[in-house]
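Here the sequence shown stands for residues 15 to 601, where the numbers follow the numbering used here.
Report on the structure given below.
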Amino acid sequence: MPSSPTLAADHGHPPHGPRAPIHVLLPPWRHRPAPWQLNAGLALWLAGPGNLPLWQALQGGAGPGLLLTLFTLVAATIFALLSLLTWPGVHRGTSSLLVLAAAVASHFMWTYRVVIDPTMMANVLGTDAREAGDLLSLRLVVTVATLSVPALWWLWRPPVCLAAPHRQAGRNLTGLLVGLLLAVGVALAGYQGLASLMRNQKTVRYMINPLNSVYALGRLAADRLPAQGHALEPVGEDARLGASYTGQVRPPLLVLVIGETARADRFGLNGYGRPTTPVLMDWQRERGLVNFPAVGACGTSTEVSLPCIFSPLTREQGGDDRPRHENLLDVLQRAGLAVLWLDNQSGCKGVCDRVPHASTRTLDDPRWCAGGECHDEAMLAGLDERLAALEPDRRARGVVLVLHQMGSHGPAYARRTPPDFQPFGLACRSQMLSDCSADGLRDAYDNTIAYTDRFLGRTLDWLAARQPGFDTGLLYVSDHGESLGENGLYLHGMPYALAPRQQTHVPMVMWLSAGLQRRLGASPSCLRARAMQVLSHDHVFHSVLGLLDVETTAHDPALDLLSDCRGRGSRGRTGIMAAIPALLPPS
């Protein structure tokens, strides 16, 4: 007698073959989805949750119709991009990278209100492990997991049926055309609203995930790859030492300090209400230090500003582009001077590659170094021994020492100062700056400016003590500024055209010993008058050449701060200008 269907099923033998296994957590896919279905779902997720910072930024500033138009435009463009990447062996990998890029970018746009443009992408690629560690947090992990796990599950869970390459190419082309046609159609239909949005909120174009990252990487590749393998164009091949070196009694010793992330409006020298620069103010009153209150940065990130400071080109001439020329240090070395670069940062961005250089990462000094990071004063330890190790003939002519600070690098401002140096009290120690109170964040950042003041003071003391053997001088300038919550922005790296003055107005000071002033024939009163001129990083290259009396056709007197102040007469073309009010710090 045949068994009943019920009894057969009870014994594990269903009437129509073996029962399919049931996954206890994730339901099985009943069919293999077509790649375009995966791409469509992924595009919708990325356009929606993957762009939450964008939609949050537009909240209240755009109507539902415009938001729907922009959402459709973004989703269609992402679908076209994903269609282009749908190939066996790479589809899931590249799509996963886009998902993760969108999730990570969302975290930083949320947390610090940054945008992802080529400059910011260059910063990301140039970040070392120490800097990256300052940005890691539990919130980063939670945000990335929340925004990426559902999309990655959708992408990796089902088996995907991809055709042979020649057939898949046709399908990819179809998907690409469908996405582009939809994007173009939507853009044309909503052109008026979209154009108005892009004009009024220019940062929107850099907030669209993951298209912003793709664009930024593409721009960087287009700018940098052609220069790979090409030698830098020489600068100052005719450089030679001027008349002041003939029969000199003492060689010059110039210390060039490159600050990090210091804002001009947080310097007490510039009228800030807190005593953040008491040491420098003493040097200004008693020993002739000159402060320059109206200096503009070449860029909003170290990756751009540092090479630009040393470039022979002005920003308008392309000094903020990827370097294609030799720089100031090459010219000084070619002229016969000894050059040494000491770094307490993430590197010199190629500026010091052809001159002697060293990093504090090799130091094991418990006074200044702990946890893989050194405070800036570590660069002063053993400095005499470093100078003594330079080539004797060059050292006898003159020495240029560059100190590259850690300065006020964020977001871990509390780590930038020694534990026993907290002049404005125990400040906010969180790396999530938006979690800090306004007062706590202010205290943390101002402590770093006060520590830069102490570091510069000790550097000046070191120089003053070496006057019997050298004619000494110091020039300090920061590479860029920093946003501290103004208009919801934090850190730096905004596109230059959109950057607030907090990121582009930087401090600069100069001190010349009496010996160096006599050597140059420089009038102190003239230097103080020149200090009120509107300046920028463009002036550094030419002013250092002037300070060291290096003669070359690469020197432009119009950009030399001392050109009108030398005893041998005016060689400059620019007089004293009134400072632009927008650059000056508030009273």
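All C-beta atoms, glycine included, are put in the ideal place defined by N, C-alpha and C.
As the structure is a prediction and not an experimental result, all values here were calculated from the model.
Rounded to whole angstroms, the separation of the alpha carbons of Ala143 and Asp485 is 39 Å. If you ignore the 5 residues before and after Thr518, its C-beta comes within less than 8 Å of the C-beta of Gly310, Ala311, Thr314, His494, Gly495 and Tyr510, all in its own chain and listed in chain order. Leaving aside the five residues that flank Leu234 on each side, the residues in its chain whose CB is nearer than 7 Å to its CB run, in chain order, Pro132, Met135 and Ala136.
DSSP places Leu99 in the coil class of the three-state scheme, outside both helix and strand.
The count of Cβ pairs closer than 8 Å, one atom from the region 464-474 and one from the region 267-282, reaches three, so the stretches are in contact. Secondary structure of Val548 (DSSP, three-state): coil. CA-CA distance, Pro337 to Val365, rounds to 9 Å. Between the C-alpha atoms of Asp449 and Leu139 there is a straight-line separation of about 26 Å. Counting along the chain, Asp357 sits inside the beta strand (DSSP E) bounded by residues Ala352 to Asp357. Contact check between the region 410-425 and the region 262-270: three or more CB pairs, one atom from each, fall below 8 Å, which counts as touching.
Annotation: the continuous alpha helix (DSSP H) that includes Tyr459 extends over Ala452 to Ala479. In the displayed model, Phe438 falls within coil according to three-state DSSP, outside both helix and strand. The region 214-228 makes contact with the region 109-126; the number of CB pairs closer than 8 Å reaches 3 or more. His519 is bridged by DSSP to Gly310. Closest in alpha carbon position to Arg106, among Gln531, Leu303 and Trp167, is Trp167. Sixteen is the threshold: when 16 or more other Cβ atoms of the shown chains lie within 10 Å of the Cβ of His423, as they do, the residue is buried. Per the DSSP secondary-structure output, Trp124 pairs with nothing in a beta bridge.
Cβ atoms of Thr473 and Arg430 stay farther apart than 8 Å, at about 17 Å.
Counting every other CB atom within 10 Å of its CB across the protein chains shown gives Leu187 a total below 16, marking it as exposed. Note that the C-beta distance between Val271 and Tyr459 is not below 8 Å.
In the DSSP assignment, Thr486 forms a beta bridge with Leu267.
Within 10 angstroms of the beta-carbon of Gln51 lie fewer than 16 other beta-carbons, which makes it exposed.
Under the three-state reduction of DSSP, Ala372 is assigned to strand.
Membership of Val414 in the beta strand (DSSP E) is indicated by the continuous run Val413 to His418.
Around the C-beta of His121, 16 or more other C-beta atoms lie within 10 Å, and the residue is accordingly described as buried. When the five nearest sequence neighbours on each side are left out, the beta carbons in the same chain lying within less than 8 Å of the beta carbon of Leu66 are those of Ser120, Trp124 and Leu161, in order along the chain. Distance between Cys383 and Ala276, taken at the CA atoms: about 22 Å.
Shown here for Arg153: same chain residues with a beta carbon closer than 8 Å to its own, the five before and five after excluded, namely His121, Thr125 and Met446 in chain order. When Ala57, Ala71, Cys362 and Val104 are compared, the shortest CA-CA separation from Leu503 is found for Ala71. For Ile323, the uninterrupted alpha helix (DSSP H) segment begins and ends at Thr316 to Phe324. Cys388 and Val104 have their C-alpha atoms some 43 Å from each other. Per DSSP, the beta-bridge partners of Asn305 are Val523. Within the region 154-226, complete alpha helix (DSSP H) segments of at least 4 residues are found at 179-203 and 205-214, given in chain order. Annotation for Val218: Leu68, Ala71, Leu72, Leu211 and Met212 place their beta carbon closer than 8 Å to its own, counting only its chain and skipping 5 residues before and after. In this structure, Val369 lies away from Val564, with their beta-carbon atoms at least 8 Å apart. Rounded to the nearest angstrom, the gap between the Cα atoms of Cys579 and Ser537 is 6 Å.
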